[in-house]
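>
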Amino acid sequence: MRLASIPGKKRRARRKEKARRLAVGAPPGTLEADPQAAPTVISVVAVGGGESLRQTGVTVAAALALREAWPLVWIDCSGLADIEAIRAIGAAFGLHPLALEDVLDTAQRPKCEVQADHAFVVMRMLDREGGSEQLSLFFGEGFVLTFQERRGDSFEPVRQRIAKGAPRLLAGHADYLAYALIDAVIDAYFPVVDAQIARIEQLEDDILAGVDGDQVHDLHGLRRELLGLKRWLRPTRDALGVILRLDRPWLRAETRVYFTDVQDHADQLIDTNETYRDTASGLIDLHMTLSAAKTSEVINLLTIISTIFIPLGFLAGLWGMNFNPEISEWNMPLTQHPYGYPIALAFMVALALGLLVYFRKRRWI
Amino acid sequence: MRLASIPGKKRRARRKEKARRLAVGAPPGTLEADPQAAPTVISVVAVGGGESLRQTGVTVAAALALREAWPLVWIDCSGLADIEAIRAIGAAFGLHPLALEDVLDTAQRPKCEVQADHAFVVMRMLDREGGSEQLSLFFGEGFVLTFQERRGDSFEPVRQRIAKGAPRLLAGHADYLAYALIDAVIDAYFPVVDAQIARIEQLEDDILAGVDGDQVHDLHGLRRELLGLKRWLRPTRDALGVILRLDRPWLRAETRVYFTDVQDHADQLIDTNETYRDTASGLIDLHMTLSAAKTSEVINLLTIISTIFIPLGFLAGLWGMNFNPEISEWNMPLTQHPYGYPIALAFMVALALGLLVYFRKRRWI
Amino acid sequence: MRLASIPGKKRRARRKEKARRLAVGAPPGTLEADPQAAPTVISVVAVGGGESLRQTGVTVAAALALREAWPLVWIDCSGLADIEAIRAIGAAFGLHPLALEDVLDTAQRPKCEVQADHAFVVMRMLDREGGSEQLSLFFGEGFVLTFQERRGDSFEPVRQRIAKGAPRLLAGHADYLAYALIDAVIDAYFPVVDAQIARIEQLEDDILAGVDGDQVHDLHGLRRELLGLKRWLRPTRDALGVILRLDRPWLRAETRVYFTDVQDHADQLIDTNETYRDTASGLIDLHMTLSAAKTSEVINLLTIISTIFIPLGFLAGLWGMNFNPEISEWNMPLTQHPYGYPIALAFMVALALGLLVYFRKRRWI
Amino acid sequence: MRLASIPGKKRRARRKEKARRLAVGAPPGTLEADPQAAPTVISVVAVGGGESLRQTGVTVAAALALREAWPLVWIDCSGLADIEAIRAIGAAFGLHPLALEDVLDTAQRPKCEVQADHAFVVMRMLDREGGSEQLSLFFGEGFVLTFQERRGDSFEPVRQRIAKGAPRLLAGHADYLAYALIDAVIDAYFPVVDAQIARIEQLEDDILAGVDGDQVHDLHGLRRELLGLKRWLRPTRDALGVILRLDRPWLRAETRVYFTDVQDHADQLIDTNETYRDTASGLIDLHMTLSAAKTSEVINLLTIISTIFIPLGFLAGLWGMNFNPEISEWNMPLTQHPYGYPIALAFMVALALGLLVYFRKRRWI
Amino acid sequence: MRLASIPGKKRRARRKEKARRLAVGAPPGTLEADPQAAPTVISVVAVGGGESLRQTGVTVAAALALREAWPLVWIDCSGLADIEAIRAIGAAFGLHPLALEDVLDTAQRPKCEVQADHAFVVMRMLDREGGSEQLSLFFGEGFVLTFQERRGDSFEPVRQRIAKGAPRLLAGHADYLAYALIDAVIDAYFPVVDAQIARIEQLEDDILAGVDGDQVHDLHGLRRELLGLKRWLRPTRDALGVILRLDRPWLRAETRVYFTDVQDHADQLIDTNETYRDTASGLIDLHMTLSAAKTSEVINLLTIISTIFIPLGFLAGLWGMNFNPEISEWNMPLTQHPYGYPIALAFMVALALGLLVYFRKRRWI
């Protein structure tokens with residue numbers, strides 16, 4: 001799972017494509033589909049007066065038609081291949097061309113932009129496999145629009161609550177539905193973050209227990225993931241702050257407390273992210289320190305063995321020299337002594353013991 | 001004591017549970033007890049007009065009944081298993097469902113939320129064994145509510161002062177009682193922080209004295225604890241700032257100076273925390289530097305011994321070669337000399353001394 | 001590509017020249033051409049009412065003449081050698097002498113300065129070869145002026161769109177044209193940044209795969225480039241913020257949303273820059289850690305081999321000593337034993353095996 | 001001099017005492033003396049109309065009596081053992097119980113609290129031996145109160161100026177006297193900071209000159225001291241800012257410029273502190289780098305010696321083998337050659353020279 | 001050039017002197033000359049109505065006399081020994097005693113203080129030799145005063161422009177002249193900064209090219225210089241910000257744009273300073289990494305040589321043992337074989353080749 005860099009290649013490909021289009025003179029705000037975009041499936045949920053209606057795989061026209069009859073419609077586009085449908089929805093709800101361009105360019109930074117009659121929120125939606133997709137959400141009086149890169153999203157709990165007739169959702173207020181969807185997106189960050197924490201704590205235990213392994217590789221990967229998440233979380237928090245400071249009739253005071261709650265969750269995620277990035281850095285340092293300690297211990301052994309046996313080896317070599325003892329008594333004297341050998345051995349043992357005592361004194365053993 | 005990560009596993013378990021509930025459509029604000037929550041014990045303290053009354057293990061109804069007769073009631077719920085009781089208290093005092101959800105979800109970030117008629121403060125309460133639990137405190141005109149995860153808390157000094165008839169507490173103002181409780185929670189941080197400081201200073205003394213041991217492990221653990229405390233202290237300070245900026249009739253101007261005092265204490269804790277995190281990092285660096293210095297010293301010895309004895313060993317080997325001296329005078333000449341052996345020895349000693357002088361000159365000895 | 005330091009020498013040369021001029025008494029705001037400046041080529045694009053006219057290599061007078069007939073003229077000066085022309089343009093549009101001096105001194109920090117009737121924006125324009133040049137852009141009611149160091153720029157997409165008759169550009173509003181030009185400059189940062197990301201990810205893959213090579217050199221170079229880009233991006237973002245807060249009749253409310261979009265892009269670039277600077281630092285650390293691990297492994301081998309064979313060598317040396325076994329039985333006893341040699345070998349093998357077992361136990365093998 | 005940690009043990013002792021008192025129900029604001037507090041000596045200086053009177057070792061009553069007759073009295077309490085006296089002074093000047101508690105709890109963070117008729121400033125007063133004590137200063141219309149932990153303070157210059165009849169001090173304005181005292185406290189930081197700088201620069205010279213020694217220990221100690229000072233300086237500066245923003249009749253506009261001057265001094269101290277903390281960190285890094293370089297040099301020598309002599313030793317060993325040359329001509333051929341020995345020696349010398357050339361080429365020598 | 005620490009000793013000396021004076025009761029604001037101050041030389045430039053007059057070495061009275069006749073006088077004091085003259089100027093222009101004290105105490109932090117009728121700016125003036133002196137500049141309606149520590153300054157360009165009759169300077173506005181002088185001071189920072197950049201880039205080239213040398217010493221010195229400059233640049237920028245926010249009749253709106261320009265230059269210097277401090281830190285890291293890589297390479301060679309030749313040496317030693325082959329066939333078997341020697345050699349060569357293959361496989365060669 002290389003969370004942060006997943007969109008890397010794709011983003012670059014898109015950018016090249018966009019550059020090409022610009023080079024031939026297409027203005028900003030020109031909509032063009034990413035050739036790799038998933039096919040668009042439109043589903044619509046209409047709620048109001050305690051009732052709800054859900055249709056999947058409908059046409060844009062069918063979705064828009066429900067707008068007349070119901071107090072609140074939520075139109076969801078999964079897959080961004082059908083430019084015409086997206087353009088039609090944009091036209092029906094008065095979305096700005098630049099906003100639609102942001103919907104299609106799925107490497108946006110999370111943000112919230114406010115127009116007179118609707119707000120436009122961009123977030124990053126995580127799935128459990130570590131992938132992520134861009135969610136573009138518009139909400140205003142009587143409508144919520146969501147655009148996502150592919151099918152599969154974090155909205156299932158909301159759909160379940162509508163199906164079960166949750167009174168607040170069926171009251172038909174766009175602001176509360178938008179809150180519920182955004183809350184569901186943020187809630188889906190927690191299992192991902194918890195998995196990261198579990199991995200860090202596992203790595204910490206391994207490092208402290210001295211388990212061999214690729215902990216540094218893993219820590220590096222985790223730090224990149226945490227860095228990637230931070231990059232999405234901070235602007236998401238700022239976007240939620242923009243919503244909270246909104247002064248529009250279609251954002252009711254009583255919904256504000258819910259958005260405060262979501263912002264609290266985002267703060268909690270940012271706090272956790274920061275703490276564990278710090279922890280990961282601390283673990284990398286700890287790993288280095290422990291490795292250095294181990295190397296140092298190895299060098300200690302090398303030094304002890306070398307310092308004892310190299311001089312001994314020299315002594316053995318000394319007595320192995322071929323000076324001729326028969327020419328004079330000065331040559332190789334001990335070798336012709338009846339107890340020469342035991343004396344030499346005793347001298348060597350004494351030297352070795354002396355060195356050992358010295359090492360113990362200096363606390364190298 | 002792994003302070004920061006204690007709630008880790010539990011939090012993840014709770015989160016999974018919550019995700020499951022959401023997945024089946026429960027709306028935010030639905031109260032459901034953590035299966036591992038401790039049983040709820042309700043105790044109530046009523047004060048006013050210089051008198052006080054304390055009852056433990058009462059029912060919600062009994063606790064609420066006191067509200068009529070006394071100017072100020074403090075209801076404390078220890079243990080969060082009894083959802084019904086908590087819901088009943090919430091209903092009686094007009095608490096927001098999201099706030100009650102926060103009471104039950106004990107992994108909240110410290111915060112202060114303000115409603116028209118009461119304030120809601122979340123803090124982290126430490127005990128002396130290094131554990132921690134969430135404290136949720138509500139206060140408004142005539143009431144203080146506290147919810148904690150289990151029995152045993154930092155409030156004993158306050159209860160003692162009420163029992164002894166402290167005039168300010170018996171005057172029956174909710175804001176002063178809330179201050180006294182919050183102050184007691186903050187005061188309980190000091191012994192924990194002081195213990196951390198004592199451990200760091202002990203480790204510092206050990207490192208500077210060169211005592212062997214696992215100081216790096218301990219420093220790593222301490223840094224994590226300090227990081228964990230910081231994570232609670234900073235938002236706690238912000239929450240106190242929110243209280244200080246409050247403009248509500250039930251927060252009297254004269255109580256503000258007391259909250260300023262608590263905030264000073266929080267600032268002091270944050271300062272200390274930061275200073276000692278810095279110190280811990282500095283100690284890790286110092287430990288690495290001193291270890292490197294020791295390794296370097298060991299390598300020095302290895303080099304000195306090797307540099308002296310490996311060449312000497314080579315010389316001994318040279319004179320141990322088996323060239324036949326009888327074939328020509330060019331072979332092994334010194335070996336057939338009457339003073340060959342002493343000459344060779346003298347040469348070796350001279351070489352060794354020369355190298356020692358060289359090492360001393362380069363300051364390696 | 002040494003992006004950040006490219007203008008280093010040139011800047012110093014210019015500065016010396018300026019110092020010389022100042023030393024002889026020229027006031028600030030005195031225009032003097034850089035002797036190395038490229039020759040000036042003036043081109044003009046006039047738009048309005050859905051029509052457009054483009055002329056290249058015209059005189060200043062010709063360019064200014066178009067101002068009467070068209071709602072909007074865009075005069076571009078490529079190359080800054082012709083001081084007279086620049087002064088004439090400055091006089092015609094009421095530019096401040098200090099602004100003109102900034103146009104010529106091409107080591108400006110990106111900024112936006114606002115006058116009563118026009119805004120002055122300084123940006124850094126990148127080309128695909130990693131070079132960069134200063135862009136000075138003025139815009140006010142009915143005119144856009146651009147000054148660049150040399151021919152070749154990021155504006156080609158805008159020129160194409162004008163040529164193809166893009167309605168918004170041909171409407172003749174200076175603010176929208178200024179936006180389009182600034183947007184094109186920012187868009188040209190993305191391929192450069194994407195190339196940096198691709199290089200970092202390549203280096204990351206190489207380091208993780210253990211590929212040999214100069215990754216540290218490359219990472220150092222990349223970090224300098226990223227640092228250099230940051231130095232341009234941050235003030236550019238601030239300059240865009242100044243434009244967004246402008247309250248002038250010649251900046252229409254509807255154009256503001258476009259500038260917000262450009263600012264989003266700048267934020268994205270800054271985010272990416274920061275994330276990848278962090279990543280580069282992390283990679284340098286990772287590389288060091290992995291190198292240290294490799295060295296540590298090498299030292300391990302050295303220690304194992306030395307620890308096994310140095311004592312064995314000593315033993316062999318022991319039995320190679322020339323004590324005379326004929327003088328007494330105490331000298332070299334085993335050497336005169338019929339199975340002396342195999343016993344000695346067996347002892348050596350046993351010692352080696354023992355050490356290997358010890359090493360495996362300590363997990364050094 | 002372990003500046004920062006001096007109050008460590010004492011603080012913890014006090015805290016335990018306070019916890020004990022709280023546990024038995026004493027309210028915040030209850031005054032109780034530290035058992036180790038120094039005995040209280042009250043001295044009073046009365047000034048006004050160009051005259052001054054100084055009395056030492058007076059009773060509280062005597063000190064307060066002067067208040068009637070003189071425009072300005074400065075009462076100084078050195079030593080905090082006499083709770084009754086402190087309480088009496090507090091009552092006479094209307095000090096808040098929490099403020100008096102802060103006076104006694106001598107581990108306060110520097111701060112400034114403002115009441116309607118006086119300001120309360122807490123600072124840390126340094127003495128030349130590296131010790132420090134808490135100074136609590138109150139000033140309002142007609143009075144300045146100072147409380148310090150023990151005799152001996154930074155106020156001597158002010159007392160001298162009063163004794164010599166300095167007109168501004170004898171004019172009898174409390175704000176100017178408060179300024180003079182605070183200025184004297186800040187001025188006493190400079191010699192301490194200068195001594196730290198001198199030590200850092202000495203250590204820097206030593207490290208750069210390669211002097212052996214415990215520089216890392218010293219640098220670590222210095223960094224802790226600098227960290228400790230920072231912890232006092234930053235809040236002191238903030239406290240001065242609070243005074244400067246005061247809008248009270250007893251703080252005259254003309255005195256404000258003096259407080260600005262003190263704040264400048266605090267800024268200077270903070271700047272210096274920050275710069276030298278940076279420098280100390282840089283020196284620790286430098287020391288590590290230079291140590292690593294030295295170790296690296298040692299390892300170089302080890303490698304050169306080993307790489308030359310270990311192969312040579314092997315060659316000598318080769319010719320020292322006991323293969324029987326009489327059995328066949330294949331065994332030990334050169335040993336039976338008349339010039340075998342010189343040939344072997346020449347080969348060895350050539351090998352050694354070749355390796356030396358190789359090393360020089362790789363720049364290891 | 002040890003830029004940052006140049007004033008160190010001098011400052012400490014001054015401080016001691018000041019402490020002595022304070023100890024004997026001199027009030028703040030008492031002027032006393034530094035015994036080492038350079039003799040004061042007063043020069044005056046009077047401008048207005050397009051004319052100018054310059055006199056050097058005049059008395060204070062003569063300088064002040066010009067004030068009547070000319071719209072603008074600029075009085076410059078080089079050297080701060082003549083306290084009387086400085087006091088006289090201060091009295092004539094109504095300068096605050098604390099400001100005059102700051103003029104004499106030449107270790108001030110750059111700042112700007114505003115009075116009703118004049119502004120007081122303190123800056124640090126660099127000279128080309130790396131020295132620096134304090135510049136104190138006052139300007140108000142009709143006058144500019146500059147005080148500097150010694151002769152020789154950055155003002156020569158301004159004097160030249162006045163001499164050549166620059167119209168803006170001869171118009172006689174104090175604010176423009178003050179701008180011109182401040183601008184000249186800031187401009188003099190650029191060559192110093194450029195020299196630092198050139199040195200860093202030289203060091204970078206050397207490090208990347210692997211040139212031997214004291215780069216770490218130099219980088220450390222450079223980092224200290226950059227740190228020292230930062231310490232002056234940041235408060236200088238803040239001081240310029242204070243001037244820009246000034247609302248006084250003697251600071252005309254049209255001059256404000258010039259001060260904005262100076263502030264831009266200060267921003268540029270700060271940016272450059274920050275970027276190159278980062279770069280210097282990066283280079284220190286790079287140097288360490290490259291050194292570690294080199295050491296690692298050396299250790300590799302040591303390991304390869306040792307791992308090959310130590311076992312070979314052991315084998316040679318094995319065949320050099322003196323077991324008696326005549327006693328039994330078990331002793332030293334190969335040594336009595338006709339091809340024993342070549343077989344042994346072949347075995348050794350095979351072992352060495354095997355190890356080489358192993359090393360190449362592990363990529364250590």
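Residue numbers (full-length UniProt numbering), protein chains in the order written: chain S, 1 to 365; chain C, 1 to 365; chain G, 1 to 365; chain D, 1 to 365; chain Y, 1 to 365.
We treat Cβ as the ideally placed atom computed from N, Cα and C, and that holds for glycine.
Name, in chain order, the residues that DSSP records as bridge partners for T56 (chain G).
The residue labelled residue 56 (chain G) in the question sits at position 56 within the third sequence. Answer by DSSP bridge pairing, in chain order: G:S43.
> Is there contact here, the segment 44-55 of chain Y with the segment 65-79 of chain Y, by at least three beta-carbon pairs under 8 Å?
With the cut-off at 8 Å, the segment 44-55 of chain Y and the segment 65-79 of chain Y touch.
> Look at the Cβ atom of V144 (chain C), then the Cβ atom of L104 (chain C), and state whether they are nearer than 8 Å.
Within the second sequence, numbered from 1, the residue matching residue 144 (chain C) stands at position 144. Within the second sequence, numbered from 1, the residue matching residue 104 (chain C) stands at position 104. No, they are not a contact pair.
> Would you say V192 (chain C) and L126 (chain C) are within 8 Å of each other, going by their C-beta atoms?
Within the second sequence, residue 192 (chain C) is the residue found at index 192, counting from 1. Within the second sequence, residue 126 (chain C) is the residue found at index 126, counting from 1. Against a cut-off of 8 Å, the Cβ pair of L126 (chain C) and V192 (chain C) comes out as a contact.
> Taking the straight line between their C-alpha atoms, what separation do you get for L233 (chain Y) and R234 (chain S)?
In the fifth sequence, residue 233 (chain Y) corresponds to position 233, counting from 1. In the first sequence, residue 234 (chain S) corresponds to position 234, counting from 1. Their backbone Cα atoms lie some 31 Å apart in a straight line.
> Could you tell me whether any Cβ in chain S is nearer than 8 Å to the Cβ of R199 (chain C)?
In the second sequence, the residue the question calls residue 199 (chain C) occupies position 199. Answer no: the Cβ-Cβ gap between R199 (chain C) and chain S never drops below 8 Å.
> Among Y:T260, Y:Q108 and Y:A81, which residue has its Cα nearest to the Cα of L240 (chain Y)?
Sequence index remark: in the fifth sequence, residue 240 (chain Y) carries index 240 (1-based). Taking only the C-alpha atoms, the option nearest L240 (chain Y) is Y:T260.
> Rounded to whole angstroms, what is the Cα-Cα separation between E156 (chain G) and I83 (chain S)?
Locating residue 156 (chain G) in the third sequence gives position 156, counting from the first residue. Locating residue 83 (chain S) in the first sequence gives position 83, counting from the first residue. Their backbone Cα atoms lie some 27 Å apart in a straight line.
> Can you tell me the Cα-Cα spacing of L31 (chain C) and P39 (chain S), whole angstroms?
Walking along the second sequence from the start, residue 31 (chain C) turns up at place 31. Walking along the first sequence from the start, residue 39 (chain S) turns up at place 39. One C-alpha to the other measures close to 40 Å.
> Counting only runs of 4+ residues fully inside the segment 49-115 of chain D, write out the alpha helix (DSSP H) ranges in chain order.
Listed in chain order, they are 60-69, 83-93 and 97-104.
> At least one CB of chain D closer than 8 Å to the CB of G320 (chain C): is that the case?
Stepping through the second sequence from its first residue, residue 320 (chain C) is reached at position 320. Closer than 8 Å: yes.
> May I ask you to report which of helix, strand or coil DSSP gives R2 (chain G)?
By 1-based counting over the third sequence, the position of residue 2 (chain G) is 2. Residue confidence is low: R2 (chain G) scores 40 on pLDDT, short of 50, so the model does not pin down where it sits. Its coordinate-derived value is still stated next. Reduced to three states, the DSSP call for R2 (chain G) is coil.
> Taking F309 (chain G) as the query, report the chain Y residues whose CB atoms sit under 8 Å from its CB, ordered along the chain.
Translated into the one-based positions of the third sequence, residue 309 (chain G) becomes position 309. The contacting residues are I310, P311, G313 and F314.
> Applying the criterion that 16 or more other CB atoms from any shown protein chain within 10 Å of the CB defines a buried residue, is F139 (chain S) buried or exposed?
The residue labelled residue 139 (chain S) in the question sits at position 139 within the first sequence. Per the 10 Å Cβ criterion, buried.
> Is the shortest distance between the beta-carbon of V298 (chain S) and the beta-carbons of chain G less than 8 Å?
If you number the first sequence from 1, residue 298 (chain S) lands on position 298. Yes - at least one Cβ of chain G is within 8 Å of the one on V298 (chain S).
> How should R360 (chain D) be labelled, buried or exposed, when 16 other C-beta atoms within 10 angstroms of its C-beta is the threshold for buried?
Sequence index remark: in the fourth sequence, residue 360 (chain D) carries index 360 (1-based). It is exposed - the Cβ of R360 (chain D) has fewer than 16 other Cβ atoms within 10 Å.
> Using DSSP bridges, identify the partner residues of E329 (chain C).
Within the second sequence, the letter at position 329 stands for residue 329 (chain C). Its beta-bridge partners do not exist; DSSP assigns none.
> Once DSSP output is grouped into helix, strand and coil, what is the label at V185 (chain D)?
Here residue 185 (chain D) refers to the residue found at position 185 when the fourth sequence is read from its first residue. If DSSP states are grouped into helix, strand and coil, V185 (chain D) belongs with the helices.
> Does the CB of W330 (chain Y) have a neighbour CB from chain G at under 8 Å?
The sequence position of residue 330 (chain Y) within the fifth sequence is 330, counting from 1. Yes - at least one Cβ of chain G is within 8 Å of the one on W330 (chain Y).
> Quick test of your reading: A188 (chain S) and S154 (chain S), contact by CB under 8 Å. State the CB separation rounded to the nearest angstrom.
For the purposes of this step, residue 188 (chain S) is identified with residue 188 of the first sequence, where counting begins at 1. For the purposes of this step, residue 154 (chain S) is identified with residue 154 of the first sequence, where counting begins at 1. So it is a contact: roughly 4 Å between Cβ atoms.
> Are R199 (chain C) and L169 (chain C) closer than 8 Å when you measure CB to CB?
In the second sequence, the residue the question calls residue 199 (chain C) occupies position 199. In the second sequence, the residue the question calls residue 169 (chain C) occupies position 169. Against a cut-off of 8 Å, the Cβ pair of L169 (chain C) and R199 (chain C) comes out as no contact.
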